[in-house]
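Protein chains: 2
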Amino acid sequence: MKELEKEILEKGIIINSEIVKIDSFLNHQINIELFMKIAQHFKKHFGDRKVDKIMTIETSGIALAFAAALEFKTKNLVFAKKNKSAITGDNVYKSEVYSFTKKKTNTITIDKMYVQPGENILIVDDFLAAGSAGCGLIDICRQAGANVVGFAVAVEKSFQGGRKKIEDLGVKVYSGASIKSIENGTIIFDHH
Amino acid sequence: MKELEKEILEKGIIINSEIVKIDSFLNHQINIELFMKIAQHFKKHFGDRKVDKIMTIETSGIALAFAAALEFKTKNLVFAKKNKSAITGDNVYKSEVYSFTKKKTNTITIDKMYVQPGENILIVDDFLAAGSAGCGLIDICRQAGANVVGFAVAVEKSFQGGRKKIEDLGVKVYSGASIKSIENGTIIFDHH
Chain A
1 MKELEKEILE KGIIINSEIV KIDSFLNHQI NIELFMKIAQ HFKKHFGDRK
51 VDKIMTIETS GIALAFAAAL EFKTKNLVFA KKNKSAITGD NVYKSEVYSF
101 TKKKTNTITI DKMYVQPGEN ILIVDDFLAA GSAGCGLIDI CRQAGANVVG
151 FAVAVEKSFQ GGRKKIEDLG VKVYSGASIK SIENGTIIFD HH
Chain B
193 MKELEKEILE KGIIINSEIV KIDSFLNHQI NIELFMKIAQ HFKKHFGDRK
243 VDKIMTIETS GIALAFAAAL EFKTKNLVFA KKNKSAITGD NVYKSEVYSF
293 TKKKTNTITI DKMYVQPGEN ILIVDDFLAA GSAGCGLIDI CRQAGANVVG
343 FAVAVEKSFQ GGRKKIEDLG VKVYSGASIK SIENGTIIFD HH
């Protein structure tokens with residue numbers, strides 16, 4: 001989508017050939033209108049399918065998941081937790097997720113009460129890079145017997161292979177913007 | 193607000209005299225319509241004041257902050273981070289926050305770019321207990337020379353003293369529901 005590509009080009013700060021910092025509107029400060037527009041694009045793409053619930057992973061997927069839940073008019077969203085809290089029970093689905101930016105493996109969890117067999121779930125996240133988080137969420141849905149409708153992300157870095165991993169699991173991917181490469185200070189997009 | 197008190201009574205699971213688990217609608221699974229209603233109550237309470245930006249802290253404040261940003265029609269929200277990420281710069285405001293549930297002190301940070309002098313900021317969170325997170329966010333706003341319009345939370349546990357700490361800093365507090373006590377399996381609300 002053009003608005004998101006424009007925002008990335010105007011406000012993105014290129015750190016190196018793999019990282020562009022876009023936390024002024026995506027995952028530290030959040031641009032509300034842009035998020036609603038991204039959610040509208042999700043709806044345009046997946047709107048012909050039944051979606052009962054939006055699923056994401058803390059932290060930075062939550063705001064976009066909320067926007068998507070409004071757009072798809074789902075009753076609830078659920079977010080996977082990276083750390084057990086004092087009141088997390090043992091009645092949880094778990095999956096192992098490796099974070100490349102933090103260089104560690106997290107066990108992500110969702111309470112079994114909040115993913116039901118047969119539920120139609122759209123997974124939403126801010127970024128798709130290597131695809132680990134997405135694979136972990138799909139794994140949890142399948143443990144629960146829920147149906148994964150698709151995987152919708154704001155920004156994809158297509159050179160990091162995440163899309164193929166998700167698609168190999170039989171899940172359709174949509175990204176608002178797809179970064180093909182970051183070379184010599186220039187961001188190149190591709191259009192799936 | 194009655195809807196929120198009703199939801200707490202119907203779905204809350206009392207863990208002990210200090211903790212009621214309400215993660216089926218507040219901070220693991222999230223009830224979208226209820227969050228929009230809570231945000232409308234925030235607007236009713238603080239709507240006569242100019243609000244330029246919503247501020248919260250990761251993780252569980254983010255969804256409610258998004259709902260509030262829609263209601264107050266702010267361009268952005270910003271959330272404080274509890275852990276430095278790979279691309280967090282050094283150009284940040286910091287404050288020390290003690291978490292009673294996790295029994296540790298976190299240094300919370302916000303990039304200086306995202307809190308501007310003179311900005312009118314409404315702080316939003318899911319829970320007000322001892323008030324540490326709220327005090328940390330107010331501290332950051334004041335370091336930046338921003339104006340704190342108020343502190344709006346979904347659920348307050350008034351027996352844990354957070355409201356007084358926030359009010360002692362000269363900031364008005366609004367909570368959607370205020371739990372006065374949890375005794376013999378019964379939740380008692382008070383109405384400020």
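Keeping their order, the protein sequence lines are chains A and B. In this text, residue positions in the first sequence follow our numbering: the first is 1, and each later residue adds one. In this text, residue positions in the second sequence follow our numbering: the first is 193, and each later residue adds one. For glycine and all other residues, C-beta sits at the position ideal for the given N, C-alpha and C. These numbers come from a predicted model, not from an experiment.
- For residue 66 of chain A, the closest Cβ of chain B is nearer than 7 Å.
- Rounded to the nearest angstrom, the Cβ distance from residue 65 of chain A to residue 124 of chain A is 5 Å, consistent with a contact under 8 Å.
- Here residue 248 of chain B is buried: its Cβ has 16 or more other Cβ atoms, across all protein chains shown, within 10 Å.
- Linking residue 130 of chain A to residue 163 of chain A through their CA atoms gives a straight-line distance of about 8 Å.
- Residue 29 of chain A: not part of any alpha helix (DSSP H); member of the beta strand (DSSP E) spanning 29–31, first to last residue.
- Listed along chain B, no residue sits closer than 7 Å to residue 132 of chain A by beta-carbon distance, the nearest being about 15 Å off.
- Taking 9 Å as the Cβ-Cβ cut-off, the region 295–313 of chain B approaches chain A at 295, 302, 303, 305, 306, given in chain order.
- By alpha-carbon distance to residue 174 of chain A, the top candidate from A:67, A:165, A:154 is A:154.
- Scanning its chain for C-beta atoms nearer than 8 Å, with the 5 sequence neighbours on each side dropped, one finds around residue 284 of chain B the residues 301, 302, 303, 304, in chain order.
- Residue burial annotation: residue 199 of chain B is buried, with at least 16 other C-beta atoms found within 10 angstroms of its C-beta.
- By the 16-neighbour rule on beta-carbons within 10 angstroms, residue 53 of chain A is buried.
- Spatial neighbours of residue 339 of chain B in its own chain (CB-CB distance under 6 Å, excluding positions within 5 residues in sequence) are listed in chain order as 312.
- Just so you know, the alpha carbons of residue 1 of chain A and residue 372 of chain B end up roughly 49 Å apart.
- One finds nothing in chain B with a Cβ atom closer than 9 Å to the Cβ of residue 191 of chain A; even the nearest lies about 26 Å away.
- Against chain A, a Cβ distance below 9 Å from residue 250 of chain B picks out 58, 59, 60, 62.
- Residue 238 of chain B sits in a helix when the DSSP states are folded into three classes.
- Closest in C-alpha terms to residue 30 of chain A, from the list A:81, A:67, A:149, comes A:67.
- For residue 71 of chain A, same chain residues with a beta-carbon under 7 Å away, outside a window of 5 residues either side, are 39, 40, 42, 43 in chain order.
- Approximately 27 Å separates the beta-carbon atoms of residue 45 of chain A and residue 271 of chain B; this is outside 8 Å, ruling out the contact.
- About 19 Å separates the CB atoms of residue 101 of chain A and residue 254 of chain B; that is not less than 8 Å, and the two are not in contact.
- The beta carbon of residue 77 of chain A is closer than 6 Å to those of 54, 65, 69 in its chain, skipping five residues each way along the sequence.
- At a cut-off of 7 Å between C-beta atoms, residue 220 of chain B counts as an interface residue with respect to chain A.
- Taking CB atoms only, residue 268 of chain B has a neighbour in chain A less than 7 Å away.
- Shown here, residue 303 of chain B sits in a strand according to DSSP, grouped into three states.
- For residue 176 of chain A, the uninterrupted beta strand (DSSP E) segment begins and ends at 173–183.
- By the Cβ-count criterion, residue 318 of chain B is buried, with 16 or more other Cβ atoms from all chains shown falling within 10 Å of its own Cβ.
- Within 9 Å of the CB of residue 164 of chain A, no CB atom of chain B is found; the nearest one sits about 24 Å away.
- Taking each of B:376, B:341, B:204 in turn and checking the Cα distance to residue 359 of chain B, the smallest one comes out for B:341.
- For residue 314 of chain B, the enclosing beta strand (DSSP E) covers residues 312–320.
- DSSP links residue 189 of chain A through a beta bridge to A:179.
- Of the residues B:351, B:314, B:382, the one whose Cα lies closest to the Cα of residue 240 of chain B is B:314.
- A straight-line Cα-Cα distance of about 7 Å links residue 291 of chain B and residue 298 of chain B.
- At least one C-beta of chain B is nearer than 7 Å to the C-beta of residue 69 of chain A.
- Under the 7 Å criterion on CB atoms, residue 224 of chain B is classed as interfacial with respect to chain A.
- According to DSSP, residue pairing for residue 342 of chain B in a beta bridge involves B:314.
- Neighbours of residue 350 of chain B in chain A, taken as residues whose beta carbon is under 7 Å from its own, are absent, since the nearest beta carbon is some 20 Å off.
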